[in-house]
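Numbering (our numbering), first residue to last: 1137 to 1652.
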């Protein structure tokens, strides 16, 4: 199989240029954002800077595991990258003048000394001549969208396309600062954005605290109501009805705290964190000391590993070390906005709040330690009808936990915590709020990522809230991600009723449990 190195690619295209318009019009090059690669916005890709970035874009489609080369296949059986390279070779045309620098600066008044925000600085190295408005595409639009997103004005992906939502966000910023709401961007507006971003701190209150876990355990300071046990009993356990009811109330209040502080973790860690925080407040308020519901008698409790963007802990630091020596590349369709942002702000982190991890306990072990309320019933198999939950929705209660074997291998690999259950007058559940978490293979520049599983698997952890609406017959009529630990200008929501109330493969199972 023929390979093409980065150096050979750059040498082959030295003295040539690629038309952005022509490249965009060829379907075989789909998936490459040529506008974002055109750093000086001259309509062409040329020079080592822009063509090197093009090679990186090609490498996202490559499967040879090396950053400095791509596999082209053979003349009769080319790889996808091989096809793309052949198309680019055909589109290349001679330069009409000397090869440009990676980003050729254009003259700017002496008073402009550059932007402080990294994304704006990289997208506008010499500032902006003229205006940026609807229909604009590329890295400059990404930088604008990223700025508006951080300021809470854009709730759409940083896709590099200046559309109606971006224009509305620009107008909102202009109105906020008493400017004419034109919806267009000029140098003065960019400088105003840059000034606003200087005071921007993405960290949540817990992430800014000296001790994030201590902050999240200050229940009175957080405004949580005291735990109430509606019982005259003196001895309680996880099976006590008063405990189960109190936990159901607690999760509704404490989940809001977790959302406000962007607490993230995979599914079992989200569930265990709610349990552990309830145990803490219960002991503080009622001097009831419940055992950890998953650990065996005599087994020592473990310490939570807590990471924030500026204070990585434990295993989270290992990913950074391994990333520097590994040739593994992350490829995930649908994450172009995140890649767009990281191209302009290499230090961009996918951790926006607090990451929590309880070590050495699997989701399957958690599931098997609980008391099953509703076991898997094959009669509930929806046979692919995603409007039919495979759990008895009318019998669910806040604090219950759903465990799912999505793979059908007999091991529970997913955990869903029920936060809110709303019923109609007839007692039918019409609205569910569910807490979930997971991880994907998106790499960032922070130490928030972790290394798990066999070999090297660099993962990004996140949490989401799913709101499911049901009809009186228990069928799903709507399902939305109503909150995510990651901003909506970076990624779309992933979860739905299909991935929280039903299994995904023949042989899979779904159970409903309580703790203890």
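Beta carbons: idealized from backbone N, C-alpha and C, even for Gly.
Quick caveat: nothing in here was measured; it's all calculated off a predicted structure.
Residue 1330 versus residue 1159: straight-line alpha-carbon distance, rounded: Counted from its first residue, the chain shown places residue 1330 at position 194. Counted from its first residue, the chain shown places residue 1159 at position 23. So the alpha carbons of these two residues sit roughly 33 Å apart.
message: According to DSSP, simplified to helix, strand and coil, what is residue 1366?
response: Mapped onto the chain shown, residue 1366 falls at position 230. If DSSP states are grouped into helix, strand and coil, residue 1366 belongs with coil.
- request: Report, in whole angstroms, the separation of the C-beta atoms of residue 1572 and residue 1636, which I expect to be a contact under 8 Å.
  value: Translated into positions along the chain shown, residue 1572 becomes position 436. Translated into positions along the chain shown, residue 1636 becomes position 500. Going by Cβ atoms, the distance from residue 1572 to residue 1636 rounds to 6 Å, so yes, they are a contact pair.
message: So within the segment 1142-1223, which uninterrupted alpha helix (DSSP H) runs reach at least 4 residues, ignoring any that extend past its ends?
response: 1142-1148, 1156-1160, 1170-1173 and 1183-1195
field: Residue range of the beta strand (DSSP E) that includes residue 1107
entry: Outside the displayed range of the chain (1137 to 1652) lies residue 1107, so it cannot be described from this structure.
message: I need the straight-line Cα distance from residue 1287 to residue 1510, nearest angstrom please.
response: Against the chain shown, residue 1287 aligns to sequence position 151. Against the chain shown, residue 1510 aligns to sequence position 374. If I take the Cα positions, the gap works out to 45 Å.
- prompt: Whose C-beta lies closer than 8 Å to the C-beta of residue 1345 among residues of the same chain, with five residues either side of it excluded?
  reply: Reading the chain shown from its first residue, position 209 is the one you call residue 1345. 1351, listed in sequence order.
- request: Decide yes or no for the touch test of the segment 1273-1283 against the segment 1170-1180: beta carbon pairs closer than 8 Å, at least 3 of them.
  value: yes
message: Quick test of the definition: if touching needs 3 or more C-beta pairs under 8 Å, does the segment 1640-1650 touch the segment 1537-1550?
response: yes
message: Can you check which of these residues, 1294, 1481, 1214 and 1291, is closest to residue 1197 by C-alpha distance?
response: The residue given as residue 1197 occupies position 61 in the chain shown. Nearest option by C-alpha distance: 1214.
- prompt: Going by Cα to Cα distance, which pick from 1598, 1269 and 1374 is closest to residue 1508?
  reply: The residue given as residue 1508 occupies position 372 in the chain shown. Ranking 1598, 1269 and 1374 by Cα distance to residue 1508 puts 1374 first.
Distance, residue 1341 Cα to residue 1538 Cα: Taking the first residue of the chain shown as 1, we reach residue 1538 at position 402. Taking the first residue of the chain shown as 1, we reach residue 1341 at position 205. The alpha-carbon atoms of residue 1538 and residue 1341 are separated by roughly 30 Å.
Secondary structure of residue 1486, DSSP reduced to three states: Along the chain shown, read from residue 1 onward, the residue named residue 1486 stands at position 350. DSSP places residue 1486 in coil when its eight states are reduced to three.
message: Just list the residues that DSSP pairs residue 1313 with in beta bridges.
response: Residue 1313 sits at position 177 when you count from the first residue of the chain shown. DSSP lists no partner for residue 1313.
Reference residue 1258, options 1247, 1326 and 1206, closest by Cα: By 1-based counting over the chain shown, the position of residue 1258 is 122. Per the Cα distances, 1326.
- request: Would you identify the three-state DSSP class for residue 1570, choosing helix, strand or coil?
  value: Here residue 1570 is taken as the residue at index 434 of the chain shown, counted from 1. Reduced to three states, the DSSP call for residue 1570 is strand.
query: Are residue 1416 and residue 1353 closer than 7 Å when you measure CB to CB?
result: Here residue 1416 refers to the residue found at position 280 of the chain shown. Here residue 1353 refers to the residue found at position 217 of the chain shown. Their beta carbons are under 7 Å apart, which means residue 1416 touches residue 1353 by this criterion.
- prompt: If we ignore side chains and look at the alpha-carbon of each, how far apart do residue 1420 and residue 1625 end up?
  reply: Here the question's residue 1420 lines up with position 284 in the chain shown. Here the question's residue 1625 lines up with position 489 in the chain shown. Spanning the two alpha carbons is a distance of roughly 39 Å.
field: Given 8 Å, three or more beta-carbon pairs between the segment 1477-1484 and the segment 1379-1390
entry: no
task: Could you tell me whether the segment 1510-1519 touches the segment 1418-1438, using the rule of 3 or more Cβ pairs below 8 Å?
output: no
query: How many Å lie between residue 1491 and residue 1194 at the Cα?
result: Looking up residue 1491 in the chain shown gives position 355. Looking up residue 1194 in the chain shown gives position 58. The straight-line gap from Cα to Cα measures roughly 32 Å.
- request: Answer yes if the segment 1496-1506 comes into contact with the segment 1354-1361, meaning at least three C-beta pairs across the two stretches below 8 Å, and no otherwise.
  value: no
task: For residue 1172, verify whether its CB is less than 6 Å away from any heavy atom of the ligand ZN.
output: Looking at this structure, you won't find the ligand ZN or any other ligand, since it has none at all.
query: Apart from the five residues just before and just after residue 1355, which ones in its own chain have a Cβ nearer than 6 Å to its Cβ?
result: Indexing the chain shown from 1 puts residue 1355 at position 219. Answer for residue 1355: 1417, listed in chain order.
- request: Could you check what DSSP says for residue 1414 in three-state terms: helix, strand or coil?
  value: As a position in the chain shown, residue 1414 is number 278, starting the count at 1. Three-state DSSP puts residue 1414 in a helix.
- prompt: CA-CA distance, residue 1349 and residue 1555?
  reply: As a position in the chain shown, residue 1349 is number 213, starting the count at 1. As a position in the chain shown, residue 1555 is number 419, starting the count at 1. In a straight line, the C-alpha of residue 1349 is about 21 Å away from that of residue 1555.
task: Would you tell me roughly how many angstroms separate the C-alpha atoms of residue 1643 and residue 1543, rounded to the nearest one?
output: The sequence position of residue 1643 within the chain shown is 507, counting from 1. The sequence position of residue 1543 within the chain shown is 407, counting from 1. Going from the Cα of residue 1643 to the Cα of residue 1543 covers about 8 Å.
task: Report the three-state DSSP secondary structure of residue 1491 (helix, strand or coil).
output: Residue mapping note: residue 1491 aligns to position 355 of the chain shown, counting from 1. Residue 1491: strand per DSSP, three-state reduction.
- request: For residue 1559, count neighbouring Cβ atoms within 10 angstroms of its own Cβ and tell me buried if that reaches 16, exposed if not.
  value: Within the chain shown, residue 1559 is the residue found at index 423, counting from 1. Per the 10 Å Cβ criterion, exposed.
- prompt: Roughly how far, in whole angstroms, is the beta-carbon of residue 1189 from the beta-carbon of residue 1153, given that I think they are within contact range, below 8 Å?
  reply: Within the chain shown, the letter at position 53 stands for residue 1189. Within the chain shown, the letter at position 17 stands for residue 1153. The Cβ separation is near 14 Å, so there is no contact.
- prompt: Cα-Cα, which of 1596, 1366 and 1391 is closest to residue 1411?
  reply: As a position in the chain shown, residue 1411 is number 275, starting the count at 1. Closest option to residue 1411, Cα to Cα, is 1391.
Run of the alpha helix (DSSP H) containing residue 1347, from where it starts to where it stops: Sequence index remark: in the chain shown, residue 1347 carries index 211 (1-based). Here residue 1347 belongs to no alpha helix (DSSP H), and DSSP marks it neither H nor E.
- prompt: Of the choices 1255, 1422, 1150 and 1405, whose alpha-carbon is the least far from that of residue 1334?
  reply: Taking the first residue of the chain shown as position 1, residue 1334 is located at position 198. When each option's Cα is compared against that of residue 1334, the closest is 1255.
field: Minimum C-alpha distance to residue 1387 - residue among 1336, 1638, 1292 and 1570
entry: Position 251 of the chain shown holds residue 1387. Closest option to residue 1387, Cα to Cα, is 1570.
field: Which residues DSSP lists as bridging residue 1605, in chain order
entry: Walking along the chain shown from the start, residue 1605 turns up at place 469. Partner(s): 1567 and 1614.
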